[in-house]
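K.L.:
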Ligand SMILES: [Zn+2]
């Protein structure tokens, strides 16, 4: 993969300063007091020094991180604490980060036509369901990337219900939630690390893409539509979202030390909060975390999309920037071609997805 001139400059700058994937350096301005460089004519018999960095040099930055982004507005989307203003096209509407738009600016359109996203648990709770690592191992040899939206392993909305029932004060509930999450931290980080270190085969220049990235789908997969800001359920939800970001930060820090990661979020059940106060508070949390939500593109819910045939048709629809519903077929329009599947359905949908990838 080759890059535009501005990216090239960025990469050259990174190489010179020995800091990969750094942000663009401020342009150097000549000081008025700078001493003009003396021009020394080259000796006739001197060998010309070979330029190490020529404009034709090919620099490689893997897909998935914000080092790929050139537009400041796109970089702002993932910058912690950055107020990115109101909803695009309607400056009166707030909740900019929560708008479920079908954009992933860090994903370059692949040769097979659409970005592949997979939701929910990374590790199955029963032997017939799929695991994220199986998806990655199947897709990596095909030079395909998987984007995971993950929950914390082996917890669910039922865990939250249990904490609510067993504890009668906010303090106790939040402490129990914290304890439960902490008990999963080491295992979760290990699972993420195993995934994000996998690369596709290198090209002829020795450059290889990462085969997947992992993002946030809340810890407990709670339905967030009716959450109120002061409720314990909301506070546990936020604690879980922050916990996932911490685990992702730790896993990426170890596996990809120089990586500037993007921070996407997908609402469980694709339901954003209904209430004004909840939206305001959540938008603030997302701003602090530098996170944006990614909306649905396909109605391929797991209960519908348990067949490789459906998955194949769903992929064809995604490639055409269409939404897809197993009952009604393709419809509507998406901003970017993004397919949506569920990690656990992989053994059942794999054939169709791989067929669509292989046909390009
Ligand atoms: Zn989900």
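Numbering (the working numbering), first residue to last: -6 to 353. C-beta: ideal position from N, C-alpha, C; glycine also.
Is it true that the CB of residue 318 sits closer than 7 Å to the CB of residue 326?
P.N.:
No, Cβ-Cβ distance for residue 326 and residue 318 is not below 7 Å.
K.L.:
Taking contact to mean at least 3 C-beta pairs separated by less than 8 Å, is the region 162 to 174 in contact with the region 193 to 202?
P.N.:
No, the region 162 to 174 does not touch the region 193 to 202.
K.L.:
Along the chain, which unbroken stretches of the alpha helix (DSSP H) at least 4 residues long are found entirely within the region 82 to 139?
P.N.:
The qualifying runs are 125 to 132.
K.L.:
Is residue 261 near ligand 1 - that is, is its Cβ less than 6 Å away from at least one heavy atom of it?
P.N.:
At least one heavy atom of ligand 1 is nearer than 6 Å to the Cβ of residue 261, so yes.
K.L.:
DSSP state of residue 17, grouped into three classes?
P.N.:
Here the model assigns residue 17 a pLDDT of 35, short of 50, so the residue's position is not dependable, and the following value carries that caveat. If DSSP states are grouped into helix, strand and coil, residue 17 belongs with coil.
K.L.:
On a Cα-Cα basis, can you pick out the residue from 270, 146, 138 and 343 that is closest to residue 236?
P.N.:
Measuring from the Cα of residue 236, the nearest candidate turns out to be 146.
K.L.:
When burial is assigned at 16 or more other CB atoms within 10 Å of the CB, is residue 269 buried or exposed?
P.N.:
Result: exposed.
K.L.:
Looking at the structure shown, is residue 352 part of a helix, part of a strand, or coil, going by DSSP?
P.N.:
In this structure, residue 352 counts as helix in the three-state DSSP scheme.
K.L.:
Measuring straight from C-alpha to C-alpha, what distance separates residue 53 and residue 127?
P.N.:
So the alpha carbons of these two residues sit roughly 27 Å apart.
K.L.:
Expressed to the nearest angstrom, what Euclidean distance is found between the alpha-carbon atoms of residue 295 and residue 238?
P.N.:
With a pLDDT of 45 at residue 295, under the threshold of 50, the modelled position of that residue is not reliable, and the figure given next carries that caveat. Their Cα atoms are separated by approximately 25 Å.
K.L.:
Distance, Cα to Cα, residue 118 vs residue 248?
P.N.:
Straight-line Cα distance between these residues: approximately 26 Å.
K.L.:
State the Cα-Cα distance for the pair residue 151 and residue 260, rounded to the nearest angstrom.
P.N.:
If I take the Cα positions, the gap works out to 17 Å.
K.L.:
Can you tell me where the alpha helix (DSSP H) with residue 269 in it begins and where it stops?
P.N.:
Unbroken alpha helix (DSSP H) run through residue 269: 269 to 282.
K.L.:
Between residue 99 and residue 331, is the Cβ-Cβ spacing less than 7 Å?
P.N.:
No; because the gap between Cβ atoms is not below 7 Å, this pair is not in contact.
K.L.:
At the level of alpha carbons, what is the spacing between residue 413 and residue 141?
P.N.:
As shown, the chain starts at -6 and ends at 353. That puts residue 413 outside it, with no answer to give.
K.L.:
Quick check: is any heavy atom of ligand 1 less than 6 Å from the C-beta of residue 113?
P.N.:
For ligand 1, at least one heavy atom lies less than 6 Å from the Cβ of residue 113.
K.L.:
Taking all protein chains shown into account, do 16 or more other C-beta atoms lie within 10 angstroms of the C-beta of residue 194, making it buried, or fewer, making it exposed?
P.N.:
With fewer than 16 other Cβ atoms within 10 Å, it is exposed.
K.L.:
How should residue 320 be labelled, buried or exposed, when 16 other C-beta atoms within 10 angstroms of its C-beta is the threshold for buried?
P.N.:
Exposed, by the Cβ-count rule.
K.L.:
Between residue 182 and residue 267, which are expected to be in contact by the criterion C-beta below 8 Å, what is the C-beta distance as a whole number of angstroms?
P.N.:
Actually they do not touch by this definition, with Cβ atoms about 33 Å apart.
K.L.:
Under three-state DSSP, which class holds residue 260?
P.N.:
Three-state result, residue 260: coil.
K.L.:
Give the single residue among 323, 349, 301 and 324 whose Cα lies nearest to the Cα of residue 335.
P.N.:
That would be 301, whose Cα lies nearest to the Cα of residue 335.
K.L.:
Need the endpoints of the beta strand (DSSP E) that residue 71 sits in, please.
P.N.:
Looking at the DSSP string, residue 71 is not in any beta strand (DSSP E), and its letter there is neither H nor E.
K.L.:
Can you tell me where the beta strand (DSSP E) with residue 322 in it begins and where it stops?
P.N.:
Here the beta strand (DSSP E) through residue 322 covers 322 to 324.
K.L.:
Thinking residue 184 and residue 115 are a contact (beta carbons under 8 Å), I'd like their distance in whole angstroms, please.
P.N.:
Rounded, the Cβ-Cβ distance is 5 Å, consistent with contact.
K.L.:
Which residues does DSSP list as the beta-bridge partners of residue 408?
P.N.:
Nothing in the structure corresponds to residue 408, since the chain is present only between -6 and 353.
K.L.:
Taking 7 Å as the limit between beta carbons, can you name the residues of its chain near residue 153, skipping five residues before and five after?
P.N.:
Taken in chain order, the residues that qualify are 213, 215, 226 and 229.
K.L.:
Would you grab the beta carbon distance between residue 217 and residue 174 for me? Rounded to a whole angstrom, and I think it's under 8 Å.
P.N.:
In fact, because the Cβ distance is near 17 Å, the residues do not count as touching under 8 Å.
K.L.:
Quick check: what's the CA-CA separation for residue 340 versus residue 257?
P.N.:
Spanning the two alpha carbons is a distance of roughly 26 Å.
K.L.:
Starting from the C-beta of residue 148, find all residues in its chain whose C-beta is less than 6 Å away, skip the five residues before and the five after it, and write them out in chain order.
P.N.:
Excluding sequence neighbours, residue 148 sits near 213.
K.L.:
Which residue marks the beginning of the beta strand (DSSP E) containing residue 206, and which one marks its end?
P.N.:
Residue 206 -> beta strand (DSSP E) spans 205 to 209.
K.L.:
Just to confirm before moving on: does the CB-CB distance between residue 207 and residue 271 stay below 7 Å?
P.N.:
It is not a contact, given that the beta carbons lie outside the stated cut-off.
K.L.:
Judging by CA-CA distance, which residue of 180, 113, 205 and 161 is the nearest neighbour of residue 130?
P.N.:
Here the closest residue by C-alpha is 205.
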